[in-house]
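Novice: Before we start, here is the structure in question, set down as structure tokens.
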Amino acid sequence: MNIVILGATGLVGHSLWRSWRRRGWNVLGTARSREFPGIERLDIQDGAALRDLLRRAQPEITVLAASNPNVDFCERDPAQTREINVEATLDVARAVSEVGGTLVFFSSDYVFDGSRPYFVENDPVAPLNEYGRQKAEAERGVARLAPRYLILRISGVFGWELARKNFVLQILDRAHEKNQIKVARDLWYHPTYAPNLAGVLEGLFASGARGVYHAAGADEFSRFDFAVEIARCFSLDERRIEPARFQDILGVAPRPARSSLRSVRLDPSAQNGLCGARDGLLDMRRTQGEWVQYLEEYGVATKGIGGGA
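The opening residue of the sequence shown carries number 407 in the working numbering; numbering runs sequentially from there.
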């Protein structure tokens with residue numbers, strides 16, 4: 407399999423890059439700013455450079471994992487974030503249509519408004535915040551511009567990460583603080599373990615699937631309950647985790663109260679490959695030493711629980 411991953415140093419992109427390289431696939435990864443051995447520098451907003459790379463690589467699959475997922479920053483500066491989350495995404499779709507192959511685009515549970523207990527692929531989108539609006543617009547553009555595409559809506563992705571931005575690593579990094587860690591008790595979702603996504607996509611590639619799919623973890627949690635589970639799995643003091651109302655602790659962007667994703671399109675084997683949050687956390691703990699060793703082998707400085715920059 408010949409694959410290009412745009413955004414290969416982020417949580418999802420790097421997890422895919424590692425997994426598929428271990429399988430022996432020909433994987434070319436790119437990143438805009440973070441340097442990592444074996445990953446090329448590319449700004450996907452540079453259309454000429456993007457097309458040169460795709461023509462050189464001739465990928466069967468192009469995975470777009472590059473975006474700005476900072477929900478509050480999107481709300482504060484929609485013009486700037488739109489450049490990467492919408493305009494660059496649409497140009498990638500155009501470039502893939504010119505070169506050929508399938509485009510994989512990652513969308514979000516935030517395209518929904520939280521008005522239902524859960525959402526499936528054919529439910530109408532109704533985003534509450536700018537990030538969700540940008541993702542919904544990008545979905546429409548990908549479907550219009552890319553002859554062959556997969557849109558994977560994901561939710562609360564976690565795992566070992568170079569930049570330590572995901573919710574689990576934020577909780578672990580705050581474990582040494584003396585203050586209580588306040589976490590929203592009234593936001594519900596399905597946390598998704600990043601390494602599971604490679605297997606889901608492999609099944610979709612093998613079946614020749616097209617269109618929109620939901621890929622989210624097996625269990626629904628409030629953010630507070632998930633934070634408590636993190637503390638338990640890593641033997642931290644769960645009494646430090648304090649429940650709070652979303653409106654009292656989070657930023658400027660509104661969030662859907664319940665953004666739980668379910669799939670009516672993934673086959674049972676793919677759904678079984680999406681583990682529950684506790685199993686994902688226990689696997690993180692089991693592979694913690696392996697991750698630190700991996701970072702050291704690639705010359706990446708380590709800090710905090712599990713290391714990372």
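Glycine included, C-beta positions come from ideal geometry on N, C-alpha and C.
1. So within the stretch 592-639, which uninterrupted beta strand (DSSP E) runs reach at least 3 residues, ignoring any that extend past its ends?
2. Looking at the structure shown, is V433 part of a helix, part of a strand, or coil, going by DSSP?
3. Secondary structure at E583, three-state DSSP: helix, strand or coil?
4. Cα-Cα, which of R488, R447, I587 is closest to Q540?
5. Report the three-state DSSP secondary structure of I490 (helix, strand or coil).
6. Quick check on DSSP: helix, strand or coil for N678?
7. Look at the alpha carbon of A542 and the alpha carbon of G413, and state the distance between them as a whole number of angstroms.
8. Can you tell which of L568, A637, S521 has the C-alpha that lies nearest to the C-alpha of T415?
9. Mark M690 as exposed unless 16 or more other C-beta atoms lie within 10 angstroms of its C-beta, in which case mark it buried.
10. Between which two residues does the alpha helix (DSSP H) containing E543 stretch?
11. Applying the criterion that 16 or more other CB atoms from any shown protein chain within 10 Å of the CB defines a buried residue, is E441 buried or exposed?
12. Which term fits E504, buried or exposed, when burial requires 16 or more other beta carbons within 10 angstroms of its beta carbon?
13. Report, in whole angstroms, the separation of the C-beta atoms of E384 and L434, which I expect to be a contact under 8 Å.
14. Just to confirm, are A499 and Y555 a CB contact at a threshold of 9 Å?
15. Should V517 and L459 be called a contact, given that it needs their Cβ atoms to be closer than 9 Å?
16. Where does S425 land, buried or exposed, given buried means 16+ other C-beta within 10 angstroms?
17. Decide if D350 is buried, meaning its Cβ has at least 16 other Cβ atoms within 10 Å, or exposed.
18. Assuming the contact rule is C-beta atoms closer than 8 Å, Q586 and R522 should be a hit. Round their C-beta distance to whole Å, please.
19. Have a look at L448, T508, A552, A604 and flag the residue whose alpha-carbon is nearest the alpha-carbon of G614.
20. What are the boundary residues of the alpha helix (DSSP H) that Y700 is part of?
21. Helix or strand or just coil, what does DSSP make of R457?
22. Considering E446, what are the terminal residues of the beta strand (DSSP E) in which it resides?
Specialist: So, from the listed chains and residues:
1. 617-620
2. strand
3. coil
4. R488
5. helix
6. helix
7. 20 Å
8. L568
9. buried
10. 536-551
11. exposed
12. exposed
13. Since the first and last residues shown for the chain are 407 and 715, residue 384 lies out of range.
14. yes
15. no
16. buried
17. Because the chain in this structure spans residues 407 to 715, residue 350 falls outside the shown range and cannot be described.
18. So it is not a contact: roughly 32 Å between Cβ atoms.
19. T508
20. 694-703
21. helix
22. 445-447
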